[in-house]
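Using the numbering used here, read the sequence shown as starting at 1176 and increasing by one per residue.
See structure below.
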Amino acid sequence: MTQHSTETPQFFLTAPSPCPYLPGQMERKVFTHLVGEKASALNEILTQGGFRRSQNIAYRPACEACKACVSVRVPVDQFVTTRSFRRVLDKNVDLIGTRVDAAPTSEQYSLFRAYLDARHSQGGMADMTVLDYAMMVEDTHVDTMLVEYRFRGPDTAITGQGDGPLIATALTDLLSDGLSMVYSFYEPGYTDRSLGTLMILDHIRRARKMGLPYVYLGYWVEGSKKMAYKARFRPQQHLGPRGWEPAA
């Protein structure tokens, strides 16, 4: 069994592989393991420095010929809810998100599987099994949670929880300065509801309510249609050579 130091993180570089966002480009990543008692603290420092988390690994792009991946975060107190965003909220007024422990369920995996099959059947996660999903959710040493979205029921006003089938789910890390959205998925049959947008709006609301200044959205990649939606959440900050700065 490979042992990883919990005191001083070691960083590794992946071999070049085809970029999933920009055709014709090759990607490399630098990564380290998030293990031990200091995993949450390290994850926080690295997230603030432009890394993303996948299970017990934190990574960021380290491409030699391309700097297109830009870390994005939304300052929640400055965020502007546009008319378009208000329409999304109005469409989904019958849904409610509930925070639950990061524990995988068969219902979550069924939704996750339907989402991948409909939206990312050729992606790198397409072959994930139920065990892979369970590892993604619970194989971590950091402070994380799930937010499950369901339709409101007759007892929602009392319990604060939804009723009926699972509609969407977000895996989210809790940081001292914000919420970092690790991965989200939703029922592909509800395309008219813009559920991906809804979950980001809900996380902005949650962060504001929790007194946290930022929601971390991961990477925006100029020229990638897959990542174009992130540019809509403004104002936002981008991580550059001088640190986090307002996006142009």
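By construction, the Cβ of each residue, glycine as well, lies at the ideal position given by its N, Cα and C atoms.
None of the values given here were measured: they were computed from a predicted structure.
Taken in chain order, the complete alpha helix (DSSP H) segments of 4 or more residues contained in the stretch 1351 to 1394 are 1370 to 1384. For R1383, the closest alpha carbon among the candidates E1212, A1403, L1306 and D1352 is that of D1352. A1240 carries a coil assignment under DSSP once its states are collapsed to helix, strand and coil. When secondary structure is reduced to three states using DSSP, E1202 falls in the strand class. Using a C-beta cut-off of 8 Å, the stretch 1361 to 1376 makes no contact with the stretch 1217 to 1227, since fewer than three inter-stretch Cβ pairs fall below that distance.
Inter-residue distance for R1327 and Q1185 is about 46 Å (C-alpha atoms, whole angstroms). Counting C-beta atoms within 10 angstroms of its own C-beta, G1225 has 16 or more neighbours from the protein chains shown and is therefore classed as buried.
Here the alpha carbons of M1402 and T1304 stand approximately 25 Å from one another. Cα atoms of S1259 and F1360: separation of roughly 21 Å, rounded to the nearest angstrom. Setting aside the 5 residues that flank it on each side, P1191 is surrounded in the same chain by M1201 and R1203, each with a C-beta closer than 6 Å to its C-beta; the list follows chain order.
For the beta strand (DSSP E) assignment, the uninterrupted runs of no fewer than 3 residues enclosed by the stretch 1269 to 1356 are, from N- to C-terminal side, 1270 to 1275, 1319 to 1327 and 1337 to 1350. Take the alpha-carbon of S1229 and the one of R1325: they are about 25 Å apart. In the structure shown, A1190 falls within a coil segment according to DSSP collapsed to helix, strand and coil.
For the pair D1302 and P1195, the Cα-to-Cα distance works out to about 16 Å. Rounded to whole angstroms, the separation of the alpha carbons of T1189 and S1215 is 23 Å. When DSSP states are grouped into helix, strand and coil, A1422 belongs to the coil group. Under the DSSP definition of a beta bridge, S1229 partners with I1232.
If you look at Q1412, you'll find it isn't in any alpha helix (DSSP H); it sits in the beta strand (DSSP E) that goes Q1412 to G1415.
The straight-line gap separating the alpha-carbon atoms of V1210 and P1329 is approximately 43 Å. Rounded to the nearest whole angstrom, the C-alpha separation of D1307 and T1347 is 17 Å. Annotation: I1232 to P1340 spans about 31 Å, alpha carbon to alpha carbon. Comparing alpha carbon positions, the residue from R1262, R1294, A1423 and Q1411 closest to Q1253 is Q1411.
Exposed is the label assigned to M1385, since fewer than 16 other Cβ atoms lie within 10 Å of its Cβ.
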